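Enquirer: Here it is, the structure in full.
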Amino acid sequence: MDEKFTGRVAILGLGYIGLPTAAVLATRGIEVVGVDVNEATVKAVANGEVPFVEPDLATAVSGAVAMGNLTASTTTPRADAFIIAVPTPFAEDHQADLRHVHAATAQIAPVLERGNVVVLESTSPPGTTEQVSRWLAELRPDLVLPHSSEGVADVHVAHCPERVLPGRIMIEMVTNDRVVGGLSPRCAARAAALYRVFCQGTILMTDAASAEMAKLVENAYRDVNIAFANELSTISEEIGLDVWEVIRLANHHPRVNVLTPGPGVGGHCIAVDPWFIVGVAPDSSRLIRAARGVNDAKPHHVVEQVMRTCGRFREPTVACLGLSYKANIDDLRESPAVDIVAELAASRPDLDIRVAEPLVRRLPLELETFGNVQLQGAPDAVAAADIVVLLVDHDHFRSMSRSRLAGKVVYDTRGLWR
59 MDEKFTGRVA ILGLGYIGLP TAAVLATRGI EVVGVDVNEA TVKAVANGEV PFVEPDLATA
119 VSGAVAMGNL TASTTTPRAD AFIIAVPTPF AEDHQADLRH VHAATAQIAP VLERGNVVVL
179 ESTSPPGTTE QVSRWLAELR PDLVLPHSSE GVADVHVAHC PERVLPGRIM IEMVTNDRVV
239 GGLSPRCAAR AAALYRVFCQ GTILMTDAAS AEMAKLVENA YRDVNIAFAN ELSTISEEIG
299 LDVWEVIRLA NHHPRVNVLT PGPGVGGHCI AVDPWFIVGV APDSSRLIRA ARGVNDAKPH
359 HVVEQVMRTC GRFREPTVAC LGLSYKANID DLRESPAVDI VAELAASRPD LDIRVAEPLV
419 RRLPLELETF GNVQLQGAPD AVAAADIVVL LVDHDHFRSM SRSRLAGKVV YDTRGLWR
């Protein structure tokens with residue numbers, strides 16, 4: 059019979075994964091303390107507010123706080139289970155930067171007790187969960203950690219990667235299957251009990267390194283397939299074909315499903331995780347590395363196309379629609395749209411660039427430094443523009459009247475207005 063989890067949970071990192079996880083646990087009766095180094099985030103959550111846009115999250119957080127099940131703090135309390143949900147970016151050499159994971163581990167160590175569960179949710183290269191166990195052992199030599207024990211360890215350490223889609227996080231966190239990898243079978247079982255509190259999908263238990271690799275494979279698979287679509291789009295432009303029509307026809311084959319091309323790949327998953335595979339096996343990851351190259355080059359290709367078009371006008375005004383890395387969210391991390399606007403602004407300081415992004419109130423810092431970029435509502439930006447570049451397929455833009463585009467050069471990187 060599956061064991062049940064009871065007790066307090068501390069979640070380190072109240073970002074796009076940590077806060078929704080805290081909310082779904084708290085709304086199911088678990089006492090949760092959300093921990094973050096950002097005091098503004100802690101204050102917002104403590105007041106039942108959310109610091110970013112995600113459907114249904116605000117309702118869940120405000121309800122959990124009102125119930126008394128969710129609190130927030132800048133310090134890590136004693137708990138029965140700890141979930142590490144901090145960022146894992148890559149460094150300039152594309153190696154995983156585990157500083158935040160290390161810092162979170164150091165916060166947990168002083169309050170760790172026998173019987174506790176420590177789960178790493180942050181997407182990481184294979185071996186990171188074991189490294190967390192080693193860090194804990196160095197900081198708490200009085201405890202037996204699972205990486206060094208063939209028997210029953212004092213603390214149970216596991217990896218459970220998130221696998222949700224921004225814009226549907228509150229749904230998919232509950233309904234999706236979860237992979238739980240432990241440093242021992244007992245570690246996996248204890249962590250699975252925690253996720254069974256809210257997970258309605260199948261919980262697949264395995265070893266920690268396989269769980270880490272499975273998450274990377276999921277995103278590398280998508281990256282490779284997006285790269286195929288993006289390469290098709292540049293080939294089609296070169297030979298004068300409509301890539302959207304080519305893909306539509308090809309996808310009528312019963313075993314073909316070509317994805318949708320775009321201006322690049324963004325976000326903190328697909329644009330980052332494949333590099334972790336390249337990092338652990340650089341000589342064998344040729345296809346994965348090539349796909350990253352294709353997708354990373356696409357923003358520059360878009361800029362080249364727009365700059366070529368600018369040559370038709372004496373003093374062109376360009377409207378760039380969208381800054382987030384995907385539709386209907388406010389997440390600008392690793393966004394190709396931001397890179398495109400920045401490169402356009404840097405390449406032509408005399409270019410008048412109007413940016414429309416309905417889900418943010420101000421330009422990101424990397425764009426505020428340019429004197430030729432301003433944030434406007436979409437109708438005003440389009441009205442002033444000679445060239446309209448659709449970078450994100452927000453619903454807000456989908457409903458735009460086509461009459462607004464009359465007489466303008468339109469570069470639709472998403473195929474939204476075909």
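Under the working numbering, the first residue of the sequence shown is numbered 59, with each subsequent residue one higher. Glycine is no exception: its CB is placed at the ideal position from the N, C-alpha and C atoms. These figures come from a predicted structure and were not determined experimentally.
Quick one: give me the first and last residue of the alpha helix (DSSP H) that G240 is part of.
Expert: From DSSP, G240 is part of no alpha helix (DSSP H) but of the beta strand (DSSP E) over 236-240.
Enquirer: Roughly how many angstroms separate the alpha carbons of L170 and V176, rounded to a whole number?
Expert: Roughly 9 angstroms separates the two Cα atoms.
Enquirer: With burial defined as no fewer than 16 other Cβ atoms inside 10 Å of the residue's Cβ, what is the status of H205: buried or exposed?
Expert: So H205 counts as buried.
Enquirer: What number of angstroms, rounded off, separates the C-alpha of A266 from the C-alpha of L197?
Expert: Those two C-alpha atoms are separated by around 21 angstroms.
Enquirer: Indicate whether the contact test is met: 3 or more Cβ pairs, each with one atom in the segment 325-345 and one in the segment 144-159, closer than 8 angstroms.
Expert: With a cut-off of 8 angstroms, the segment 144-159 and the segment 325-345 count as touching, because enough Cβ pairs lie within range.
Enquirer: Is the number of C-beta pairs between the segment 203-221 and the segment 304-324 that are closer than 8 angstroms three or more?
Expert: Short answer: they don't touch.
Enquirer: Determine, using beta carbons only, whether T133 and V95 come nearer to each other than 8 angstroms.
Expert: Not a contact, by the Cβ cut-off of 8 angstroms.
Enquirer: Does DSSP classify E424 as helix, strand or coil?
Expert: DSSP places E424 in helix when its eight states are reduced to three.
Enquirer: When the distance is taken between beta carbons, is V222 closer than 8 angstroms to T264?
Expert: No. Outside cutoff.
Enquirer: Which word fits H32, buried or exposed, when buried means at least 16 other C-beta atoms lie within 10 angstroms of its C-beta?
Expert: With the chain covering 59 to 476 only, the question about residue 32 has no answer from this structure.
Enquirer: Name the residue from E276, E392, T99 whose alpha carbon lies nearest to the alpha carbon of H326.
Expert: Among E276, E392, T99, the Cα nearest to that of H326 belongs to E392.
Enquirer: Can you pull the DSSP bridge partners for V447?
Expert: DSSP lists C378, Y469 as partners of V447.
Enquirer: For a minimum of 4 consecutive residues, which ranges assigned as the alpha helix (DSSP H) are wholly contained in the segment 218-299?
Expert: Entirely contained in the segment 218-299, the alpha helix (DSSP H) runs reaching 4 residues are, in chain order, 227-233, 243-253, 266-297.
Enquirer: Under the assumption that N353 contacts D281 (Cβ atoms under 8 angstroms), give the Cβ distance between them as a whole number of angstroms.
Expert: Contact holds; Cβ gap of about 6 angstroms.
Enquirer: Is the segment 283-302 in contact with the segment 235-254, if contact means three or more CB pairs nearer than 8 angstroms?
Expert: Touching, no, given that fewer than three Cβ pairs across the two stretches are closer than 8 angstroms.
Enquirer: Am I right that L474 and L448 are in contact with their C-beta atoms under 8 angstroms? What's the rounded C-beta distance?
Expert: Contact flag correct, Cβ pair sits at about 6 angstroms.
Enquirer: From the DSSP output, in three-state form, read off I166 for me.
Expert: The answer is helix: DSSP assigns I166 an H, G or I state.
Enquirer: Return yes when the Cβ of V413 is within less than 8 angstroms of the Cβ of C40, no when it is not.
Expert: There is simply no residue 40 to check, as the chain begins at 59 and stops at 476 in what is shown.
Enquirer: Indicate whether T187 and G239 have their beta-carbon atoms separated by less than 8 angstroms.
Expert: Closer than 8 angstroms, so yes.
Enquirer: Closest to P78 by CA distance: which of K62, E97, V123, A348 is it?
Expert: The residue with the shortest Cα to Cα distance from P78 is V123.
Enquirer: Quick check on the burial criterion: 16 or more other C-beta atoms within 10 angstroms. Buried or exposed for G87?
Expert: G87 is exposed by the Cβ-count criterion.
Enquirer: Three or more C-beta pairs closer than 8 angstroms, one from the segment 106-122 and one from the segment 384-404: is that the case here?
Expert: Because the criterion of three Cβ pairs below 8 angstroms is met, the segment 106-122 and the segment 384-404 touch.
Enquirer: Would you check if the distance between the CB atom of A443 and the CB atom of V376 is smaller than 8 angstroms?
Expert: Against a cut-off of 8 angstroms, the Cβ pair of V376 and A443 comes out as a contact.
Enquirer: Between Q165, A348, E270, which has its C-alpha nearest N288's C-alpha?
Expert: Ranking the options by Cα distance to N288, first place goes to A348.
Enquirer: Which residue's Cα is closest to the Cα of S459: A436, L423, I297, T99?
Expert: Considering only alpha carbons, the answer is A436.
Enquirer: Does the Cβ-Cβ distance between P135 and V91 come in under 8 angstroms?
Expert: Yes, the pair counts as a contact, with Cβ atoms nearer than the cut-off.
Enquirer: Whole angstroms is fine: what's the gap from P243's alpha carbon to D212's?
Expert: P243 and D212: Cα-Cα distance of roughly 14 angstroms.
Enquirer: What first and last residue would you give for the alpha helix (DSSP H) that runs through T64?
Expert: Neither: T64 is in no alpha helix (DSSP H) and is coded neither H nor E.
Enquirer: Since E89 sits in a beta bridge, which residues does DSSP pair it with?
Expert: Per DSSP, R66.
Enquirer: To the nearest angstrom, report how far apart L194 and E230 are at their CA atoms.
Expert: Distance between the alpha carbons of L194 and E230: 31 angstroms.
Enquirer: If you drop the 5 nearest sequence neighbours on each side, which residues of the same chain put their C-beta closer than 8 angstroms to that of I142?
Expert: Same-chain partners within the cutoff: L70, G71, V159, A162, T163, I166, V176, V177, L178, E179, S180, V190.
Enquirer: So what's V301 in DSSP terms, helix, strand or just coil?
Expert: Here V301 sits in helix by DSSP.
Enquirer: Considering only their Cβ atoms, is the gap separating P357 from P321 smaller than 8 angstroms?
Expert: Yes. Within cutoff.
Enquirer: Within the same chain, show all residues whose beta-carbon is closer than 6 angstroms to that of C257, passing over the 5 residues directly before and after it, in chain order.
Expert: Excluding residues within five positions, the ones whose Cβ falls inside 6 angstroms are R236.
Enquirer: May I have the straight-line CA-CA distance separating L402 from S461, to the nearest angstrom?
Expert: Each residue's alpha carbon lies about 26 angstroms from the other.
Enquirer: Between which two residues does the beta strand (DSSP E) harbouring D341 extend?
Expert: Careful: D341 lies outside any beta strand (DSSP E) and carries neither H nor E.
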